[in-house]
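Visitor: Pasting a structure below so you can have a look.
Protein chains in written order, with the working numbering: chain A, 45 to 455; chain B, 45 to 455.
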């Protein structure tokens, strides 16, 4: 089947579709002898397998026929109510009617692209930003306006210029950003909300890791900062922020469960769009997640995840401090799953990766996270997946390689 | 949150999005006192709940960490290999590389829209045709060219005129079509394949019900007829048909598992497109479906489904014969889940539905299944969901109503 009529019939958007960096990287991580810091995988050791198994049994014994049947597009109501209660605790004042269950956050990003992006629309993103969002929105012909990121997140001092280009919305990952690991400071959250209001540009807040904080104080989500700002200023409208989160990091990614919180009128439209995309997210998975979460289990479980990832982050930072060359800079994330390395100007992290793979260690070159170019000397390093001893070994290999390369570049 | 900035930022496609007929109908079926023949639901009595529960336990005990982790976009290899073996038995010569697992067939339809449809492209469909396909493709700006359906399926004698309009592809549901219940005859399958070849237009074959045949002889899928035609005629290419099927009717719809079979180059592109849409279908669900299916269980289980649905179809046809007015015509499906009623010209089935709901019985008015209009006097009636006694009662109510309405229309 080498010659088929289909290839002459692709839509324009298909012809523009490039090969996928994430996809190729997932393949790399499948080689068992490579220590990969490239993926974005949670540690399988923290999956609550037994609790999940119990929940499957309870759901099937008590509601088997319902769990295996079609269900409504918006999602399983008790799960949406549970998410609403959880959100209220974090200052996000919503009910189940604001919430749509999606098949992972990637689907939420795709839905947002479908709902809001016309070909050629500008989207304001951080640079670097989450690659999955770029992949989702490229399919709708998005263009990007970027604002740089430093150790306190999006540099909101540079936001006004970008807002003047008339972007459709702002996309921000405020907590332990993928890929950089940095967190948007409270002062900048307020600045972001204020400027978004001033220019009338709404915000998509993507928060997959918000609960995975290992030190420092929890900061209110941008959506809560926005509500407070509107109350303080007597604003005539609310709902300037659509908020995304997921069970992938708290429970398990293999069940593909996430959610969108939006103003009710937007949620209703999102429901209609999702219906044409996959009817609904798996009923069974939603009921099992509710069963796992309903007794407060996730609050306890997240402590286990935090302890595990904190140790791994600490080991990684310690070994980097010890073995990385002084010419390399890296972020010190207060949470999440990634840190960000910056090599000396002129070094190409894609070239470094090729050599790293020969030494059986991998990371993601940072260029792909920059939609408008740049970042050739940056790298994303995951610390959640590998065991501490593996991190020690892998970061050691990487540190030695970087030292050699920097030394060689001088001679 | 009544006034938000988002509503001014919808993409053009969102503004065109209408309210959904299926969605409103699913709500109807939720009222417990209505006998609903409107949904497209499998009978919950045939869900293999216990087998499914066992499979969940085995998967989590033996592969817990893997089942809850991210996985590759194309799908779980053992499941794809199982589907390939199954397909080979039905004359579809493929390997796992031809197969992509999707989150239900609705996602496969969405993917096909994304891959192939540019705004304004003509798609050749049966009239009536499956509503979910129209919903998926409307989002990509599809236009439709229709070919009518009679008791032997798509009237291929009328296909050439439609093919001359230059459609992007042909969409056909050859077995027990949703909504009409009719099956494309073998002679017409050959005619379809021949004409598609002559005009160089490829085919999407949607086959959710192919195994749910209650009488008559199994017919080869269009994709197999196409392969045979090409062998017989020494064709220089193959793969003119993309084939869709699903576990929703064989196992359970609440786990959202379906598959696409396509030429390998197309499958690779589909994988890239799906990755941007939801990364992958739930790992856990795929592993459980494989565990349920691997020992040949589904072959045995489909016999239970067939026996159950055959009884329900027989009861429905028997009561219709007895109680429906002679002015109404209906199809006698050899399988599947639906039959199709045709009221006298001039009667409006949407008006009939309003009165039917007052009498606590429901069906789907047929107009929505006709993308270019018509069909106001048609209705889709589901026979798989309700128990035989409920069918007897509900069809009785509907028959009495139709008799009254037809009698009144004469006076």
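Note that CB positions come from ideal geometry on N, CA and C, so glycine has one too. Note that the coordinates shown come from a computational prediction; the quantities given were computed from them, not determined experimentally.
#1: Quick check: the Cα distance between residue 191 of chain B and residue 416 of chain B, rounded to an integer number of angstroms?
#2: When you compare each of A:50, A:60 and A:81 to residue 401 of chain A by their alpha carbons, which one comes out closest?
#3: Compare the beta carbon distance of residue 346 of chain B and residue 397 of chain B with 8 angstroms and say whether it is the shorter of the two.
#4: Please list, in chain order, the residues of the region 304 to 322 of chain B that have any C-beta partner in chain A closer than 9 angstroms.
#5: DSSP state of residue 240 of chain B, grouped into three classes?
#6: Return the chain-ordered list of same chain residues with a C-beta closer than 8 angstroms to the C-beta of residue 187 of chain B, the five sequence neighbours on each side being excluded.
#7: What residue range does the alpha helix (DSSP H) around residue 208 of chain A cover?
#8: Express the C-alpha separation of residue 121 of chain A and residue 129 of chain A in angstroms, rounding to a whole number.
#9: Is it right to say residue 52 of chain B is buried, meaning 16 or more other beta carbons lie within 10 angstroms of its own, or is it exposed?
#10: Take the Cβ of residue 76 of chain B as the centre, count every other Cβ of all protein chains shown within 10 Å, and call the residue buried at 16 or more, exposed below.
#11: Counting pairs of Cβ atoms below 8 angstroms between the region 340 to 358 of chain A and the region 315 to 330 of chain B, do you hit three or more?
#12: Of all the options A:92, A:87 and A:54, which has the alpha carbon lying nearest to the alpha carbon of residue 344 of chain A?
#13: Put residue 453 of chain A into one of helix, strand or coil per three-state DSSP.
#14: Nearest chain A C-beta to residue 212 of chain B closer than 8 angstroms, yes or no?
#15: Using a cut-off of 9 angstroms between C-beta atoms, extract the partners of residue 237 of chain B located in chain A.
#16: According to DSSP, simplified to helix, strand and coil, what is residue 377 of chain A?
#17: Going along chain B, which residues have a C-beta under 8 angstroms from residue 109 of chain A?
#18: With 7 angstroms as the C-beta to C-beta threshold (strictly closer), list the residues of the region 328 to 342 of chain A near chain B in chain order.
#19: Does any residue of chain B have a CB that is nearer than 8 angstroms to the CB of residue 162 of chain A?
#20: Measure the C-alpha to C-alpha separation of residue 304 of chain A and residue 145 of chain A and round it to an integer number of angstroms.
#21: Quick one: is the Cβ of residue 155 of chain B within less than 7 angstroms of any heavy atom of the ligand NAP?
#22: Quick check for students: name the residue ranges of the alpha helix (DSSP H) that lie wholly in the region 78 to 155 of chain B, counting only runs of 4 or more.
#23: Would you give the residue range spanned by the alpha helix (DSSP H) that residue 466 of chain A belongs to?
#24: Tell me the residue span of the beta strand (DSSP E) that contains residue 337 of chain A.
#25: Strictly under 8 angstroms for the Cβ-Cβ distance: is residue 326 of chain B near chain A by that measure?
#26: In the DSSP assignment, the beta strand (DSSP E) including residue 188 of chain B goes from what residue to what residue?
#27: In terms of alpha-carbon separation, which member of A:444, A:407 and A:308 lies closest to residue 142 of chain A?
#28: Quick check on residue 413 of chain B: does DSSP put it in helix, strand or coil?
#29: Taking Cβ positions only, does residue 12 of chain B come closer than 8 angstroms to chain A?
#30: I want to see whether chain B comes within less than 8 angstroms of residue 381 of chain A, judged by CB atoms only; does it?
#31: For residue 418 of chain B and residue 198 of chain B, I'd like the C-alpha separation in whole angstroms.
#32: Consult DSSP for residue 48 of chain B and reduce its assignment to one of helix, strand or coil.
#33: Which residue's Cα is closest to the Cα of residue 195 of chain A: A:48, A:212, A:450 and A:172?
#34: Helix, strand or coil for residue 422 of chain B? Go by DSSP, reduced to three states.
#35: Is the region 278 to 291 of chain A touching the region 146 to 157 of chain A in the sense that three or more CB pairs, one from each, lie closer than 8 angstroms?
Guide: Concretely, from the data shown:
#1: Position 147 of the second chain, counted from the start, is the residue given in the question as residue 191 of chain B. Position 372 of the second chain, counted from the start, is the residue given in the question as residue 416 of chain B. Going by the C-alpha atoms only, they are around 11 angstroms apart.
#2: Counted from its first residue, the first chain places residue 401 of chain A at position 357. Cα-wise, what sits closest to residue 401 of chain A is A:81.
#3: In the second chain, residue 346 of chain B corresponds to position 302, counting from 1. In the second chain, residue 397 of chain B corresponds to position 353, counting from 1. Contact flag unset, no.
#4: 306, 307, 308, 309, 310, 313, 315, 316, 317, 319, 320, 321 and 322
#5: In the second chain, the residue the question calls residue 240 of chain B occupies position 196. Three-state result, residue 240 of chain B: helix.
#6: The residue given as residue 187 of chain B occupies position 143 in the second chain. Apart from sequence neighbours up to five positions away, the residues of its chain that approach residue 187 of chain B with a beta-carbon distance below 8 angstroms are 164, 165, 166 and 167, ordered along the chain.
#7: If you number the first chain from 1, residue 208 of chain A lands on position 164. Premise fails: residue 208 of chain A is in no alpha helix (DSSP H) and is neither H nor E.
#8: Along the first chain, read from residue 1 onward, the residue named residue 129 of chain A stands at position 85. Along the first chain, read from residue 1 onward, the residue named residue 121 of chain A stands at position 77. Taking the straight line joining both Cα atoms gives about 12 angstroms.
#9: For the purposes of this step, residue 52 of chain B is identified with residue 8 of the second chain, where counting begins at 1. Residue 52 of chain B is exposed by the Cβ-count criterion.
#10: Taking the second chain and counting its residues from 1, the one referred to as residue 76 of chain B is at position 32. Counting Cβ neighbours within 10 Å, residue 76 of chain B comes out exposed, since fewer than 16 surround it.
#11: Counting C-beta pairs closer than 8 angstroms gives fewer than three between the region 340 to 358 of chain A and the region 315 to 330 of chain B, which falls short of the contact rule.
#12: Along the first chain, read from residue 1 onward, the residue named residue 344 of chain A stands at position 300. Answer by Cα proximity: A:92.
#13: For the purposes of this step, residue 453 of chain A is taken as residue 409 along the first chain, with counting starting at 1. Note: residue 453 of chain A maps to helix in three-state DSSP.
#14: By 1-based counting over the second chain, the position of residue 212 of chain B is 168. Cβ-Cβ to chain A under 8 angstroms: yes for residue 212 of chain B.
#15: Here residue 237 of chain B refers to the residue found at position 193 of the second chain. Within 9 angstroms Cβ-Cβ: nothing; residue 237 of chain B doesn't reach chain A, min ~13 angstroms.
#16: Reading the first chain from its first residue, position 333 is the one you call residue 377 of chain A. DSSP places residue 377 of chain A in coil when its eight states are reduced to three.
#17: For the purposes of this step, residue 109 of chain A is taken as the residue at position 65 of the first chain. For residue 109 of chain A, the chain B residues whose Cβ falls inside 8 angstroms of its Cβ are 88, 89, 91 and 93, in order along the chain.
#18: 328 and 329
#19: As a working mapping, residue 162 of chain A is identified with position 118 in the first chain. Taking 8 angstroms as the CB threshold, residue 162 of chain A lines the interface with chain B.
#20: Along the first chain, read from residue 1 onward, the residue named residue 304 of chain A stands at position 260. Along the first chain, read from residue 1 onward, the residue named residue 145 of chain A stands at position 101. If you draw a straight line from the Cα of residue 304 of chain A to the Cα of residue 145 of chain A, it is about 7 angstroms long.
#21: For the structure depicted, the ligand NAP is absent and the ligand set is empty, with no information on it obtainable.
#22: 93 to 111 and 121 to 133
#23: Only positions 45 to 455 of chain A appear in this structure, which leaves residue 466 of chain A out of reach.
#24: As a first step, residue 337 of chain A is located in the first chain; it is residue number 293 there, counting from the start. Note, residue 337 of chain A: premise wrong, no beta strand (DSSP E); alpha helix (DSSP H) at 327 to 337.
#25: Counted from its first residue, the second chain places residue 326 of chain B at position 282. Judged by the 8 angstroms Cβ criterion, residue 326 of chain B is in contact with chain A.
#26: Working through the second chain from its first residue, we reach residue 188 of chain B at position 144. 187 to 194 is the span of the beta strand (DSSP E), which, as asked, contains residue 188 of chain B.
#27: Within the first chain, numbered from 1, the residue matching residue 142 of chain A stands at position 98. Among A:444, A:407 and A:308, the Cα nearest to that of residue 142 of chain A belongs to A:308.
#28: Walking along the second chain from the start, residue 413 of chain B turns up at place 369. In this structure, residue 413 of chain B counts as helix in the three-state DSSP scheme.
#29: Here chain B covers residues 45 to 455 and nothing more, so residue 12 of chain B does not appear.
#30: Numbered from its first residue, the first chain carries residue 381 of chain A at position 337. Not closer than 8 angstroms to any Cβ of chain B, the Cβ of residue 381 of chain A fails to qualify, so no.
#31: As a first step, residue 418 of chain B must be located in the second chain, where it is residue number 374. As a first step, residue 198 of chain B must be located in the second chain, where it is residue number 154. Their backbone Cα atoms lie some 16 angstroms apart in a straight line.
#32: Residue numbering aside, residue 48 of chain B sits at position 4 when the second chain is read from its first letter. In this structure, residue 48 of chain B counts as coil in the three-state DSSP scheme.
#33: Numbered from 1 along the first chain, position 151 holds the residue referred to as residue 195 of chain A. Cα-wise, what sits closest to residue 195 of chain A is A:172.
#34: If you number the second chain from 1, residue 422 of chain B lands on position 378. Here residue 422 of chain B sits in strand by DSSP.
#35: Yes, since at least three Cβ pairs between the region 146 to 157 of chain A and the region 278 to 291 of chain A fall closer than 8 angstroms, the two stretches touch.
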